[in-house]
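Read through the structure below, which is laid out as structure tokens, and then see the notes.
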Amino acid sequence: MEWTDEGIVLGVRRHGESSAIVELLTRSHGRHLGLVRGGAGRRMRPLLQPGNGVTAVWRARLDEHLGYYVIEGTRLRAANLFATPHAVYGVTHLASLARLLPERDPHEDIYDMLDRTLDDFDEASGAAVHLIRFELAMLTELGFGLDLEVCAATGATTELIYVSPKSGGAVSRNAGAPFHDRLLRLPVFLRQSEESTGVWSEEDLRDGFALTGLFLLRHVLEPRGQGHSDAREGFINAVIRPRTARAAVS
Numbered sequence: 334m335e336w337t338d339e340g341i342v343l344g345v346r347r348h349g350e351s352s353a354i355v356e357l358l359t360r361s362h363g364r365h366l367g368l369v370r371g372g373a374g375r376r377m378r379p380l381l382q383p384g385n386g387v388t389a390v391w392r393a394r395l396d397e398h399l400g401y402y403v404i405e406g407t408r409l410r411a412a413n414l415f416a417t418p419h420a421v422y423g424v425t426h427l428a429s430l431a432r433l434l435p436e437r438d439p440h441e442d443i444y445d446m447l448d449r450t451l452d453d454f455d456e457a458s459g460a461a462v463h464l465i466r467f468e469l470a471m472l473t474e475l476g477f478g479l480d481l482e483v484c485a486a487t488g489a490t491t492e493l494i495y496v497s498p499k500s501g502g503a504v505s506r507n508a509g510a511p512f513h514d515r516l517l518r519l520p521v522f523l524r525q526s527e528e529s530t531g532v533w534s535e536e537d538l539r540d541g542f543a544l545t546g547l548f549l550l551r552h553v554l555e556p557r558g559q560g561h562s563d564a565r566e567g568f569i570n571a572v573i574r575p576r577t578a579r580a581a582v583s
């Protein structure tokens, strides 16, 4: 058995004295593990950092075997990503989300979105918006997508500013007004009918994380006996605290 594919490094663990088991999210073969000879060595270590883009050749005698990877770097982003605190947490959390996908099951749209997200992860608030959108995409990919385009109560497609915590459907301003204290807020960067300015408040970001966090926990994580990763909380703190400090100074 042999194939060649693009991949993004999700994680690495040492195996024996010098080898490593490498976990990739590949474009056409999904989340896939393989053994890299010499993967724990000085030459390979910088290449096998989470977030890096690679080309991988996988070989095994049988398809169900772990197999061996031969890996070459294509987009060595890790050095830049790990220079900022929010990106260190963010890459770790993105990898934990990708691990929710079944092993060896292709998810090309998620692969493409992860690749774009990592390419544009430098600025903290922009990275936060990318991560929230990635969490929404994961909910959809796993069968629990939210309907944020039409009001669940009236069918309206404008002024959608709330989300029902029960159905995951959007709710318009008028329909949601009597129940606003029981509804989730839909941040402006997720509203389909509004033009985004690219400037988001701390409240917008908190609303986005509250929205995706609730449904990920309820539908995906708790049924598996899991909770949110520590990296998610670390990312939120790394993004929000500097904004709060700047606001206090000004």
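If you count by the numbering used here, then the sequence shown holds residues 334 to 583, one letter each, in order.
Every residue gets a Cβ at the ideal spot worked out from N, C-alpha and C, and that includes glycine.
Being a predicted model, the structure only gives us computed values, none of them experimental.
- Are at least three pairs of beta-carbons, each pair with one atom in the segment 475-491 and one in the segment 399-417, less than 8 angstroms apart? no
- Would you identify the three-state DSSP class for residue 567, choosing helix, strand or coil? Counting from 1 along the sequence shown, the entry for residue 567 is found at position 234. Note: residue 567 maps to helix in three-state DSSP.
- Item | Cβ pair count under 8 angstroms reaching 3, the segment 511-519 against the segment 432-442 | no
- Message: Considering only DSSP beta bridges, list what residue 353 is partnered with.
- Response: Along the sequence shown, read from residue 1 onward, the residue named residue 353 stands at position 20. DSSP, once it has assigned bridges, lists 347, 369 as partnering residue 353.
- Message: So, with DSSP's three-state summary, where would you put residue 546?
- Response: Walking along the sequence shown from the start, residue 546 turns up at place 213. In this structure, residue 546 counts as helix in the three-state DSSP scheme.
- Please say whether residue 371 and residue 381 have beta carbons closer to each other than 7 angstroms? Numbered from 1 along the sequence shown, position 48 holds the residue referred to as residue 381. Numbered from 1 along the sequence shown, position 38 holds the residue referred to as residue 371. Cβ atoms of residue 381 and residue 371: not closer than 7 angstroms.
- Message: Looking at residue 541: is its Cβ nearer than 7 angstroms to the Cβ of residue 494?
- Response: Working through the sequence shown from its first residue, we reach residue 541 at position 208. Working through the sequence shown from its first residue, we reach residue 494 at position 161. It is not a contact, given that the beta carbons lie outside the stated cut-off.
- Task: Determine the burial state of residue 378: buried for a count of at least 16 other Cβ atoms within 10 Å of its Cβ, exposed for fewer.
- Result: In the sequence shown, residue 378 corresponds to position 45, counting from 1. So residue 378 counts as exposed.
- Message: Restricting to Cα atoms, I'd like to know which of 481, 436, 511 is closest to residue 396.
- Response: For the purposes of this step, residue 396 is identified with residue 63 of the sequence shown, where counting begins at 1. Ranking the options by Cα distance to residue 396, first place goes to 436.
- Task: Pick helix, strand or coil for residue 464, following the three-state DSSP scheme.
- Result: Residue 464 sits at position 131 when you count from the first residue of the sequence shown. Three-state result, residue 464: helix.
- Task: Keeping to the same chain, check which residues put their C-beta closer than 8 angstroms to that of residue 394; ignore five residues upstream and five downstream.
- Result: To locate residue 394, count along the sequence shown from 1; it is residue 61. Answer for residue 394: 334, listed in chain order.
- What residue range is occupied by the uninterrupted alpha helix (DSSP H) comprising residue 553? On the sequence shown, position 220 is the one that residue 553 refers to. Boundaries for residue 553: no alpha helix (DSSP H) harbours it, and the DSSP string shows neither H nor E there.
- Please classify residue 536: is it buried, with 16 or more other beta-carbons within 10 angstroms of its beta-carbon, or exposed? Start at 1 with the first residue of the sequence shown, and residue 536 comes out as number 203. Residue 536 should be labelled exposed.
- Under 8 angstroms by Cβ, that's how I've got residue 496 and residue 503 pegged, so tell me the actual separation to the nearest angstrom. Translated into the one-based positions of the sequence shown, residue 496 becomes position 163. Translated into the one-based positions of the sequence shown, residue 503 becomes position 170. Yes, residue 496 and residue 503 are in contact; Cβ-Cβ is about 6 angstroms, under 8 angstroms.
- Figure out for me which residue from 361, 457, 339, 345 has the closest Cα to the Cα of residue 368. Reading the sequence shown from its first residue, position 35 is the one you call residue 368. Looking at the Cα atoms, 345 is the closest of the given residues.
- Query: Would DSSP call residue 514 helix, strand or coil?
  - Reply: By one-based count along the sequence shown, residue 514 stands at place 181. Here residue 514 sits in helix by DSSP.
- Find the nearest neighbour of residue 409 within the set 492, 448, 548, 400, judged by alpha-carbon distance. Residue numbering aside, residue 409 sits at position 76 when the sequence shown is read from its first letter. Among 492, 448, 548, 400, the Cα nearest to that of residue 409 belongs to 448.
- Flag this pair as yes or no: are the beta carbons of residue 386 and residue 407 separated by less than 7 angstroms? Mapped onto the sequence shown, residue 386 falls at position 53. Mapped onto the sequence shown, residue 407 falls at position 74. Against a cut-off of 7 angstroms, the Cβ pair of residue 407 and residue 386 comes out as a contact.
- Who are the near neighbours of residue 489 in its chain, counting only those whose CB is closer than 6 angstroms to its CB and skipping five residues on each side? The residue given as residue 489 occupies position 156 in the sequence shown. These residues qualify, in order along the chain: 505.
- Message: Looking at residue 389: is its Cβ nearer than 7 angstroms to the Cβ of residue 402?
- Response: Your numbering for residue 389 matches position 56 in the sequence shown. Your numbering for residue 402 matches position 69 in the sequence shown. Taking 7 angstroms as the cut-off, the Cβ atoms of residue 389 and residue 402 count as close.
- Run the CB neighbour count on residue 532, radius 10 Å, all protein chains shown included, and call it buried at 16 or more, exposed below. Within the sequence shown, numbered from 1, the residue matching residue 532 stands at position 199. Exposed, since its Cβ has fewer than 16 Cβ neighbours within 10 Å.
- Task: Taking 7 angstroms as the cut-off, decide whether the C-beta atoms of residue 428 and residue 343 are in contact.
- Result: Working through the sequence shown from its first residue, we reach residue 428 at position 95. Working through the sequence shown from its first residue, we reach residue 343 at position 10. Yes, Cβ-Cβ distance for residue 428 and residue 343 is below 7 angstroms.
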